[in-house]
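Working notes, beginning with the structure itself.
Protein chains in written order, with the numbering used here: chain L, 76 to 313; chain A, 717 to 1024.
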């Protein structure tokens, strides 16, 4: 579904992605692990079209996405839930959801999808007309997920949805990921919380210093020292 | 009592003019978070083009009106390309990456729009070098009497036009899909990009509408006096800015309340202390609003963001 080959992105002269290749299969939850500064968020922003890569290719359902605008990428069916619960703080919860459906024209469908989001996230329903900036961290994360879903993506990109949230809220977020997966949404997830990710993902990658250094199933992940590296970075030679 | 009421009514009618010149400025600041110092000069050059057509070519009033609004839009486009297109907060600048400084860009926008202000004003003065220039007058011949109170119907019309534009734009921002997109793009650029919005195009559209509004304001206000002077650009920028700041820069309905408040305070200050009292009251009012504790925080006078 998603084929990334030799993708490189730089901030000025600093290359954050040094040729990343990986793929995500339709109907699966694919998880990318890695320590801070490995380039995970850079990869996500590049996939969403916010950052322009120096080289490499991103194929989504066979179509090249490099060079497309963020709007065109959303239109193709790929939506990003960015890091740090990026909502529209001065818009209400309902307006945030409407904004997520900006590329759609079917008003009836949008309305029924908003109702569906309120069914999925009852906490948001209670806060329909509240400004998003006044929500709690967990509620903002749910709103960010709901807003991305409003574009009806076939592939949902999630950048560290659990970071900075209380354990109970993290559990809630992961149960939503499981639910979405059961409903057939493909998910490409960036996480630092490997133990939670092990419960939802079918395939894992590890990224270190701008490169993919491991690819495997959850079983292989447990055998290797990957989990430790995901948290702590590369082991230094003794 | 009658005097007091009459002063208040005069103030409210003046306030309509302030609101109409402040509306575009507030819309611009709200959607770009940049102060356009060339705003008054844009309106002035457009007005001069209208006055030139009127004086040299005896253009009919409707043609002058169309010219003023259209040229304000075109001049605004020129200002936007030169001063603002290159100084936007860049969506491709992710959090944490080295930034030349959002502040740096703000200063560049301020300085370059100041330069363009001088340029546009000079162009206008070269076009019509005299200090006083005739502008098509739509002034009413008589006042309406309401008991002992007198109301100039043309001023009332401008005030109603201001209220109509403000309330109409506010409703459009609140209800329409495009209005939501304007507010969303002003609220958070990255989130707007990720929601599939063409952010740069939305902001250019908001800027153009604001410039067209400055043309409407210029025509409406100048047709009351039937003349235009080189002071007009400064007047538009100053009164518009004070009205917009009183209402909270970026707030559309706020401009109306800010303009009316400014008009009433000025009118009373003038009747009590004379012309100098009028100026003093303007800045005292602005000062109080800017430092007022209840205006601090997220929704304060300088916070930015576009809201109905």
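In this text, a Cβ means the ideal position worked out from N, Cα and C, and glycines have one as well.
Collapsing the DSSP output to three states places residue 204/L in coil. For residue 163/L, the nearest beta carbon of chain A is closer than 8 Å to its own beta carbon.
Chain L places no beta carbon closer than 8 Å to that of residue 859/A, leaving this residue out of the contacts. Cβ proximity to chain L below 8 Å picks out 893, 896, 897, 899 and 900 from the region 878-900 of chain A. Going by C-alpha positions, residue 270/L is about 24 Å away from residue 218/L. The shortest CA-to-CA distance from residue 981/A to any of 887/A, 999/A, 909/A and 970/A is the one to 999/A. The C-beta of residue 839/A comes no closer than 8 Å to any C-beta of chain L. Contact between the region 755-762 of chain A and the region 836-845 of chain A is present: three or more C-beta pairs spanning the two stretches fall below 8 Å. Taking 7 Å as the upper bound on Cβ-Cβ separation, chain A lies near residues 86 and 87 of the region 82-94 of chain L. Where residue 799/A is concerned, there is no enclosing beta strand (DSSP E), because DSSP gives it neither an H nor an E. Shortest Cα-Cα distance from residue 133/L to any of 83/L, 157/L, 233/L and 113/L involves 83/L.
Flagged as an interface residue toward chain L: residue 1023/A, by a C-beta distance shorter than 8 Å. Every beta strand (DSSP E) of 3 residues or more that sits fully in the region 233-307 of chain L is shown, in chain order, as 261-266, 278-283 and 286-291.
Distance from the Cα of residue 878/A is smallest, within the candidate group 934/A, 922/A and 864/A, for 934/A. According to DSSP, residue 98/L shares a beta bridge with 78/L.
The alpha-carbon of residue 884/A is positioned some 19 Å away from that of residue 918/A. Among the CB atoms of chain L, none fall inside 8 Å of the CB of residue 950/A. Every alpha helix (DSSP H) stretch that sits fully inside the region 818-899 of chain A and reaches 4 residues is listed by chain position as 818-843 and 869-891. Residue range 755-773 is occupied by the alpha helix (DSSP H) that includes residue 767/A, with no beta strand (DSSP E) assigned at that position.
The straight-line gap separating the alpha-carbon atoms of residue 964/A and residue 744/A is approximately 13 Å. The Cβ of residue 187/L sits no closer than 8 Å to any Cβ of chain A. Residue environment: residue 279/L is assigned as buried (16 or more neighbouring CB atoms within 10 Å of its CB, all protein chains considered).
Taking C-beta atoms under 8 Å as the contact rule, residue 955/A and residue 755/A fail to qualify, at a distance of about 11 Å.
Between residue 77/L and residue 230/L, the gap from beta carbon to beta carbon is short of 8 Å. In this structure, the beta-carbon distance from residue 874/A to residue 781/A does not fall below 8 Å.
Across the region 913-926 of chain A, CB contacts with chain L closer than 8 Å involve 913 and 914, in sequence order along the chain. In this structure residue 906/A is in contact with residue 161/L, their Cβ atoms being roughly 6 Å apart against a cut-off of 8 Å. Straight-line spacing of the CA atoms in residue 988/A and residue 746/A works out to 35 Å. Sequence-ordered contacts of the region 116-132 of chain L with chain A read 116, 117, 120, 123, 124, 125, 126 and 127 [C-beta pairs closer than 9 Å]. When the alpha-carbon of residue 145/L is set against those of 177/L, 213/L, 164/L and 165/L, the nearest one is in 177/L.
From the beta-carbon of residue 907/A, the residues of chain L found nearer than 7 Å are 161, 162 and 163. Interface with chain L (8 Å Cβ-Cβ cutoff): residue 910/A is included. Residue 277/L places its beta carbon less than 8 Å from that of residue 103/L.
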